[in-house]
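These protein sequence lines are chains A and B, in that order.
When the letters of the first sequence are read in order and numbered with the working numbering, they come out as residues 1 to 180.
When the letters of the second sequence are read in order and numbered with the working numbering, they come out as residues 181 to 372.
Ideal Cβ positions, reconstructed from N, Cα and C, are used throughout, including at glycine.
Because the structure is a prediction, the values reported are computed rather than measured.
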Amino acid sequence: MEEDIELIERYIAGDNTAVEELVVKYQRQIYAFVYRMTNDMEEAKDLTQKTFINAVKGIREFRRQSSFRTWLYKIAANTGLKHIRQRKEEVELEESVVSNEEGVLSLLIDKEKRTHIKKGMERLPERQRLAVVLRVYEGLSCSGTAEVMGCTEGAVKAHYYNGVKKLRNILREKGYEINA
Amino acid sequence: MRLTHEEIKGLLPEYAGASLSKEMMSDMQEHINGCEDCREELSLLAQLADEEVPDPGELFWKTLPKKVRLSAEEEKAARPSFWSYLFRPMPAASAVLVALLVIVYMNTYTSVKNLDMAVDPYINESATEVVMNESDITEADMYQVTQQVIGEELAEHPEDFQEYSYYREVAMMSSEEIDSFYEALKKEEKGG
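In structure tokens:
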């Protein structure tokens, strides 16, 4: 956190290379996060760049009440949500071709299941998807997720609970059993 | 305090990440072992976490920092600085107007202040109309004033202050004046 503050202060003082150091530090995390929100590599690359540019533009407004990482995730979440709303596309599940060979079959079923899980995530309402991504992929606590999403912990719990429930129902609809 | 089923479900991501206390992990493990619903959900979370994120390539990682820095430089250049604001037409004209008003005011104030006469070395206080108070004038002040006046008169009419000489006075008389003076002396002697 102190290292991040030092880089921010250097940038504000006029050292533009400090921005590069901040980007290098967080670019992989932010890319992975927005990819899981969009499931599209090109969109994820574009949104990652937009996230950092928006962060630099607003860096003088960073109040240091939370960590820089949380603040950056908040910007990434808002950038991703805005993009998803603008996209307004229905993501359709694709049918896959299954081979007769048993070994290949199980692999293909596995792959198909993962595809359905992935597509299932895309079908979640954006706030539920965001809550699941932050809790499961980013490993944030309820309070950390609430901070990024700008809502209460109760709302996070509700979004997360409903999101996971919907995913399970989608897989059941497709005939997949979740092996406990 | 034992957790409820719903509370445990809500903490499954932390359990999967092993980020809870030993005691809580143990309590949760005990519950999960006996709860199919929680086991299913835990399995789903594990599958979600297994999902790979495709690597966009080294070119992306190398160029992204530079792109963001260039954007930051453009944003800084576009932001109006104090000097660029100052040299815009309206603010510059306003600044010039304000400067003129200040100069006029200062000149007016200075003129009023210069009505005060220079401090007279022979008088203790500057002889302004407001400050002058006759009761403040002392004998020493009057002597100094007198000396100054005498000094000025001496400069203008030196003859008035030279030492008196009868002989000089007579030498300066005309012939008519001398005759008239002689007649007057004679009459005065006869009169007794």
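If you pair each beta-carbon of the segment 127-146 of chain A with each one of the segment 191-199 of chain B, do three or more pairs fall below 8 Å? yes
Compare the C-alpha of residue 182 of chain B against each of B:199, B:204 and B:198 and name the closest. B:204
Is it right to say residue 8 of chain A is buried, meaning 16 or more other beta carbons lie within 10 angstroms of its own, or is it exposed? buried
Verify the CB distance criterion: does residue 190 of chain B have a CB-CB separation below 8 Å to chain A? yes
Candidates A:27, A:46, A:74 and A:168: which alpha carbon is nearest residue 123 of chain A's? Cα-wise, what sits closest to residue 123 of chain A is A:168.
Output yes if chain B places a C-beta closer than 8 Å to the C-beta of residue 170 of chain A; else output no. no
Tell me which residues share the same chain as residue 55 of chain A and place their Cβ nearer than 6 Å to its Cβ, disregarding the 5 neighbours each side in the sequence. 72 and 75
Is it buried or exposed for residue 65 of chain A, if we count other Cβ within 10 angstroms and need 16 for buried? Exposed.
Quick one: using the 10 Å Cβ neighbour count with 16 as the cut-off for buried, is residue 306 of chain B buried or exposed? Its pLDDT being 49, under 50, residue 306 of chain B is placed unreliably by the model, and nothing is read from it.
State the CB to CB distance for the pair residue 23 of chain A and residue 234 of chain B, rounded to an integer number of angstroms; the pair is presumed to be in contact (CB under 8 Å). That belief does not hold up - the Cβ atoms of residue 23 of chain A and residue 234 of chain B are roughly 20 Å apart, past 8 Å.
Start and end of the alpha helix (DSSP H) containing residue 26 of chain A? 17-38
Between residue 118 of chain A and the rest of its own chain, which residues show a CB-CB distance below 7 Å, the 5 nearest in sequence each way excluded? These residues qualify, in order along the chain: 39.
For residue 361 of chain B, count neighbouring Cβ atoms within 10 angstroms of its own Cβ and tell me buried if that reaches 16, exposed if not. By the neighbour-count definition (other C-beta atoms within 10 Å, threshold 16), residue 361 of chain B is an exposed residue.
Chain A contacts from the segment 226-249 of chain B (Cβ-Cβ distance under 8 Å): 227, 228, 229, 230, 231, 233, 234, 236, 240, 241, 244, 245, 246, 247, 248 and 249
I'd like the span of the alpha helix (DSSP H) that includes residue 215 of chain B, first residue to last. Per DSSP, residue 215 of chain B belongs to no alpha helix (DSSP H) and is neither H nor E.
Give me, in chain order, the residues of the same chain whose beta-carbon lies closer than 7 Å to that of residue 67 of chain A; leave out the 5 immediate sequence neighbours on both sides. Taking C-beta separations shorter than 7 Å and ignoring five residues to either side along the sequence, the partners of residue 67 of chain A in its chain run 1, following chain order.
Measure the C-alpha to C-alpha separation of residue 223 of chain B and residue 137 of chain A and round it to an integer number of angstroms. 14 Å
Kindly say whether residue 200 of chain B, judged by its beta-carbon, lies nearer than 8 Å to any beta-carbon of chain A. no
Using 10 angstroms around the beta-carbon of residue 35 of chain A, count the other beta-carbons present and answer buried if the total reaches 16, otherwise exposed. buried
Give the range of the alpha helix (DSSP H) segment to which residue 10 of chain A is assigned. Annotation for residue 10 of chain A: the continuous alpha helix (DSSP H) segment containing it runs 2-13.
When you compare only the Cα positions, how much space is there between residue 25 of chain A and residue 132 of chain A? 24 Å
Closest to residue 173 of chain A by C-alpha separation, out of A:69, A:113 and A:154, would be which residue? When each option's Cα is compared against that of residue 173 of chain A, the closest is A:113.
Since residue 251 of chain B meets chain A, which of its residues come closer than 7 Å, beta carbon to beta carbon? 53 and 56
Residue 221 of chain B and residue 156 of chain A look like a contact to me (Cβ under 8 Å); what is the Cβ gap, rounded to whole Å? So it is not a contact: roughly 17 Å between Cβ atoms.
Is the CB of residue 32 of chain A under 8 Å away from at least one CB in chain B? yes
If residue 60 of chain A sits next to residue 12 of chain A, beta carbons under 8 Å apart, how far is it from one beta carbon to the other, in whole angstroms? Yes, they are in contact, since the Cβ atoms of residue 60 of chain A and residue 12 of chain A sit about 7 Å apart, within 8 Å.
Sequence ranges, beta strand (DSSP E) only - wholly within the segment 101-156 of chain A, length at least 3: Taken in chain order, the segment 101-156 of chain A contains no complete beta strand (DSSP E) segment of 3 residues or longer.
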